[in-house]
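For the sequence shown, the residue numbers in UniProt numbering are 1 to 83. Okay, structure first, notes after.
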Amino acid sequence: MGYNLLSREHYLWLVNISKNNNYDDIHEAMKIIKYQKKEAETLKEKWINTSKLSRNQYWILSSLLEKYKYNDILNALTNIFSK
Numbered sequence: 001m002g003y004n005l006l007s008r009e010h011y012l013w014l015v016n017i018s019k020n021n022n023y024d025d026i027h028e029a030m031k032i033i034k035y036q037k038k039e040a041e042t043l044k045e046k047w048i049n050t051s052k053l054s055r056n057q058y059w060i061l062s063s064l065l066e067k068y069k070y071n072d073i074l075n076a077l078t079n080i081f082s083k
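See below:
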């Protein structure tokens, strides 16, 4: 089960985000949050305006990345989309 890496509540947050967005959109947001944090405010605004993720969904991903390892979230996300 994918939520062994994340708490059940946080795993469900990721499930809810994945209902309205595809894997690539979510993964791209994670990359922006992880690798380009210095310019986060500028990139976040540009990225949200050209994607399907809402500000709230982006903020949730950002919060999850502060709490968990990048690969743990990516594994949970892969598990969600493989079902």
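We treat Cβ as the ideally placed atom computed from N, Cα and C, and that holds for glycine. Note that this is a predicted model, so its numbers are computed, not measured.
Exercise. Mind checking Leu-12: buried by the 16 CB within 10 Å criterion, or exposed?
Worked result: To locate residue 12, count along the sequence shown from 1; it is residue 12. It counts as exposed.
For this session: Please go through the same chain and pick out, in chain order, the residues whose beta-carbon is closer than 7 angstroms to the beta-carbon of Ser-62, but skip the five residues on each side of it.
Result: For the purposes of this step, residue 62 is identified with residue 62 of the sequence shown, where counting begins at 1. Once the five neighbours on either side are set aside, the close Cβ partners of Ser-62 are Ile-33.
Problem set entry | C-alpha gap between Arg-55 and Leu-74, whole angstroms | Sequence index remark: in the sequence shown, residue 55 carries index 55 (1-based). Sequence index remark: in the sequence shown, residue 74 carries index 74 (1-based). If I take the Cα positions, the gap works out to 20 angstroms.
Problem set entry | As assigned by DSSP and simplified to three states, the class of Lys-69 | The sequence position of residue 69 within the sequence shown is 69, counting from 1. Three-state result, Lys-69: coil.
For this session: Could you check how far apart the C-beta atoms of Leu-14 and Leu-65 are, in whole angstroms? I think they sit under 8 angstroms.
Result: Position 14 of the sequence shown holds residue 14. Position 65 of the sequence shown holds residue 65. At roughly 11 angstroms, the Cβ-Cβ gap does not stay under 8 angstroms, so Leu-14 and Leu-65 are not in contact.
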